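Scroll down for the structure; my scribbles are underneath it.
Residue numbers (my numbering), protein chains in the order written: chain A, 5 to 249; chain B, 1294 to 1742.
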């Protein structure tokens, strides 16, 4: 049976890879983001390639007051939902984020906006006693470092929120998965120095969908990032604070 | 937008030049953002067509969405970055095929238009551009225009075959051809020499929608130009015995994990290969079925076969000679090649039909020969200059998509519509923003004073 899946932040490369992996299974999709022109292209492509039904609509993570109405629109188009993928995120510029006005935008997108829409989704799935929520967080959320700590703090907050949500929804049989991607070949990483073993977004998308058939709760992608982060998390703070990362 | 500065090359791995890469993911970001810019799809042109040394190269690989497939009419509208490899499984299962396909499916749709590529059916169906119903072109001023044979026709005919120098090709609308099965019905005929090969390719009794000949460049004397002519057409459902005529199986692609040492491909090993290949292929005189992948894209089965030529790379030399002079010219080319004791691992002869209307398009009525020549030493270039001379003497031309080294003067003699093309180019891109290493090498839109 095909599922109906909502993808939030559907224009990112990882979201495209994930949407393609769902569509390849025959699932119908609702794609949401701020860029309607781009959504229209992605939706058309998924329909042509996989012959599935794809709806799309405007969604702004930072505009939290619009979220309840947005969710109603999704339900109207899809009738029912079986799962949600939260794929939006804003890396921002860490230098600029020394100013609170910039930091606030990063937090509004990655954390506040995510909590707002996921609360609505959780309240929808809980009484139905089914469904899944996949949240794409980041390895940057595992430890604060000078190069991206505002983004990292927001994603770290998101990881904790997802953890709590998983705990709350477990009795209802609603699956909550936290994805922590390492280096993926996206617009966010293109041209950055010091990248290694960069994964393709299509591959990451396939692995994200595959987690639904497994039991893991927190998934690092590619998998070896679990070990990299294990080491990074265990460097004593007295040393870590002196490092240039 | 973030950029990545690194050395890149075309498929021939020569030349290698440092370029500033940019890779948009949104259609709206497909726009000129730098003083000079060239779009690059899969980088499968062989020489410097998709390079812009110390300038900007816009990678279109993420602008690859298929936007509309009309399964009744067989019309596909897609973004220019999508590859033929992505398109094929989608259209084949609906009973459609590419109207023209080059020898690899790992090329972008935009690249097919910019090089006005041809296939084994040029003598029947013309070049790629003839099947392009419309394109969306992003001009130097950032505006988007629709072009086709009826709308902005002058810009359209300057863009097909225009090597990306008129603008960024954003979208392509393509007319497909109907098929009943995934199979090609193939018949081979051996030829004892070049004249015999020409006879076979011209023989109306043998002719088919697709025809191509493999040439053994190492045969000499009486056997100069011996080879195998291969004819094929899309098998009808009557010719197919299986139960699911349009089902495709995913193919495994292997790849070369390392560069071969450059001595691996030497005249002796190539001679041995050619002998084996000649006897193996010339025995297949009865029609047999081949799936479209093996028929059209035999080399794609080996992912990065260009590594076979080693680190120094290779040059593909492809020229076309007019019908009347083709046999004499090809004979002269092969003699020059064998006198140089250089062996081409792959030599392919094809027949071309009427020329299209693309102002810088390669095909003209006659025959085209493609040679892969390993780049062992710089002396290869003086041989290639001699080949250019023969081509010019016989009224032919060299294919820009394969070229890395012809001179600006040769280019002007080979492409007589260049002046007409230049007028259109200058009217839409007066500052020559769309330029590449190839365009500068050929002094395109930058005439030598």
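The C-beta atom is built at its ideal place from N, Cα and C for all residues, glycine as well. Since the structure is predicted, the reported quantities are computational estimates derived from the model, not experimental observations.
Please confirm if residue 22 of chain A has its CB atom under 9 Å from at least one CB of chain B. False, the Cβ-Cβ gap to chain B never drops below 9 Å.
Am I right that residue 1401 of chain B and residue 1442 of chain B are in contact with their C-beta atoms under 8 Å? What's the rounded C-beta distance? About 22 Å; that fails the 8 Å criterion.
Mind checking which residues open and close the beta strand (DSSP E) that includes residue 1480 of chain B? Unbroken beta strand (DSSP E) run through residue 1480 of chain B: 1476-1484.
Give me the residue from B:1406, B:1308, B:1646, B:1367 with the minimum Cα distance to residue 1332 of chain B. When each option's Cα is compared against that of residue 1332 of chain B, the closest is B:1406.
Select from A:89, A:201, A:196 the residue whose C-alpha is nearest the C-alpha of residue 24 of chain A. Per the Cα distances, A:89.
For a test of the three-state rule: what should DSSP assign to residue 1312 of chain B, helix, strand or coil? Strand, per DSSP.
With C-beta atoms as the reference, is residue 1325 of chain B less than 9 Å away from residue 1390 of chain B? Taking 9 Å as the cut-off, the beta carbon of residue 1325 of chain B is found no closer than this to the beta carbon of residue 1390 of chain B.
Locate the alpha helix (DSSP H) running through residue 1507 of chain B, then write down its first and last residues. In the DSSP assignment, residue 1507 of chain B falls outside any alpha helix (DSSP H) and within the unbroken beta strand (DSSP E) covering 1503-1508.
CB-CB under 6 Å to residue 57 of chain A, same chain, minus the five flanking residues each way: which ones, in chain order? Excluding positions up to five away in sequence, the list reads 32.
Please list, in chain order, the chain B residues whose beta carbon lies closer than 7 Å to that of residue 191 of chain A. Going along chain B in sequence order, the residues near residue 191 of chain A (Cβ under 7 Å) are 1318.
With a 10 Å radius around its C-beta and 16 neighbouring C-beta atoms as the bar for buried, classify residue 1768 of chain B as buried or exposed. Nothing in the structure corresponds to residue 1768 of chain B, since chain B is present only between 1294 and 1742.
Is there contact here, the segment 1423-1432 of chain B with the segment 1613-1628 of chain B, by at least three beta-carbon pairs under 8 Å? The answer is no - the segment 1613-1628 of chain B does not touch the segment 1423-1432 of chain B, with fewer than three Cβ pairs under 8 Å.
Using a 10 Å radius around the Cβ and a threshold of 16 neighbouring Cβ atoms, would you call residue 134 of chain A buried or exposed? Burial check for residue 134 of chain A: the Cβ neighbour count within 10 Å stays below 16, so the residue is exposed.
Going along the chain, which residues of the segment 32-54 of chain A sit with their C-beta nearer than 8 Å to a C-beta in chain B? Answer set for the segment 32-54 of chain A: 39, 41, 42, 45, 46, 48, 49, 52, 53.
Beta-carbon proximity list for residue 28 of chain A, same chain, < 7 Å, skipping 5 on both sides: So the list reads 54, once near-sequence residues are dropped.
Residue 1686 of chain B: buried (16+ other C-beta within 10 angstroms of its C-beta) or exposed? It counts as exposed.
Please list, in chain order, the chain B residues whose beta carbon lies closer than 7 Å to that of residue 195 of chain A. Residues of chain B passing the Cβ test: 1295, 1296, 1297.
Is there a Cβ from chain A that is less than 9 Å from the Cβ of residue 1742 of chain B? Caution is warranted here: a pLDDT of 42 is assigned to residue 1742 of chain B, below 50, making its placement in the model unreliable, and the coordinate value is therefore given only provisionally. Interface with chain A (9 Å Cβ-Cβ cutoff): residue 1742 of chain B is excluded.
Assess contact between the segment 1647-1656 of chain B and the segment 1582-1599 of chain B, defined as three or more Cβ pairs (one per stretch) separated by less than 8 Å. Is contact present? Under the Cβ criterion (8 Å, minimum of three pairs), the segment 1647-1656 of chain B does not count as touching the segment 1582-1599 of chain B.
With 9 Å set as the bound, which would you pick, yes or no: does the beta-carbon of residue 1406 of chain B sit closer than that to a beta-carbon of chain A? It does not; no Cβ of chain A falls within 9 Å.
Taking residue 1488 of chain B as the reference, which of B:1730, B:1460, B:1500, B:1519 has the closest Cα? The residue among B:1730, B:1460, B:1500, B:1519 with its C-alpha nearest the C-alpha of residue 1488 of chain B is B:1519.
Which runs of the beta strand (DSSP E) at least 3 residues long sit entirely within the segment 1646-1704 of chain B? Give them in chain order. Listed in chain order, the complete beta strand (DSSP E) runs (minimum 3 residues) inside the segment 1646-1704 of chain B are 1659-1667.
Bridge-paired residues (DSSP) for residue 1376 of chain B: Beta-bridge pairing links residue 1376 of chain B to B:1401.
Between which two residues does the alpha helix (DSSP H) harbouring residue 1452 of chain B extend? Going by DSSP, residue 1452 of chain B is part of the alpha helix (DSSP H) stretching over 1446-1452.
If contact means a Cβ-Cβ distance below 9 Å, which residues of the segment 7-22 of chain A contact chain B? Of all residues in the segment 7-22 of chain A, those with a C-beta nearer than 9 Å to a C-beta of chain B are 15, 16, 17, 20, reading in chain order.
Looking at the secondary structure, which residues open and close the beta strand (DSSP E) in which residue 243 of chain A lies? No beta strand (DSSP E) contains residue 243 of chain A, which is instead part of the alpha helix (DSSP H) from 241-244.
Tell me whether residue 92 of chain A counts as near the ligand MN, meaning its Cβ is closer than 8 Å to at least one heavy atom of that ligand. This structure lacks the ligand MN, and indeed carries no ligand of any kind.
What does the alpha-carbon distance come out to for the pair residue 1661 of chain B and residue 1613 of chain B? Spanning the two alpha carbons is a distance of roughly 4 Å.
Of all Cβ atoms in chain A, is any one closer than 9 Å to the Cβ of residue 1698 of chain B? The beta-carbon of residue 1698 of chain B is placed no less than 9 Å from the nearest beta-carbon of chain A.
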